Amino acid sequence: VPPVVQLAVYIASWMRIICLIPTVLTWYYYEKYHQWVGFERWSLQETLHNVSSFGQEKQSSFPNPDMPVQYLGKRASLVSPRNRIHIFDWIFAGPSAFFFYVMPMFHAQLSHLYTDRLDYKVAGKPMVQRSVISEIVIQ
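When you line the sequence shown up against the working numbering, it's residues 8 to 146, in that order.
Below, the structure is given as structure tokens:
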């Protein structure tokens with residue numbers, strides 16, 4: 008095996024190991040993001056809206072200018088908690104990228120190998136007839 012190929016394989020293996028760290032961090036922060044958006048910011052708004060700093064009920068209406076959170080409106084009655092990491096989301100991210108991105112590009116490249124014409128059919132542009140335009144302008 009040529010030394011250049013060995014060096015390329017060595018560098019690629021280190022790149023794969025190094026890229027694992029940002030991937031795991033992305034998983035973690037993505038799950039935390041869903042927790043924050045779906046539940047924590049709503050509970051923060053409800054806590055700050057219902058109870059003042061003295062433990063008394065607030066009678067003021069939203070939006071309140073001294074609140075540290077923006078008013079989010081009325082919360083939907085249906086919520087879907089993400090109590091655990093949805094590992095299948097992350098397991099199928101790689102294969103789905105392969106099937107929906109890499110495979111169509113590979114298919115296009117292979118199709119170009121077996122033709123000497125690069126003719127593309129483009130959808131027709133919708134046209135408005137002049138009589139319709141004149142009726143719109145007159146009205």
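All residues carry an ideal CB built from backbone N, CA and C; glycine is no exception.
These figures come from a predicted structure and were not determined experimentally.
- Message: Quick check on A15: does DSSP put it in helix, strand or coil?
- Response: helix
- Query: Given that a residue counts as buried once 16 or more other Cβ atoms are within 10 Å of its Cβ, and exposed if not, what is Q52?
  - Reply: buried
- Evaluate contact between the stretch 26-43 and the stretch 86-100, counting only Cβ atoms and requiring at least three cross-stretch pairs below 8 Å. yes
- Query: Expressed to the nearest angstrom, what Euclidean distance is found between the alpha-carbon atoms of Q163 and W21?
  - Reply: With the chain running from 8 to 146 in the structure shown, residue 163 is simply not present.
- For W49 and R82, believed in contact at Cβ under 8 Å, the rounded distance: 6 Å
- Item | Backbone secondary structure at S87 - three-state DSSP | coil
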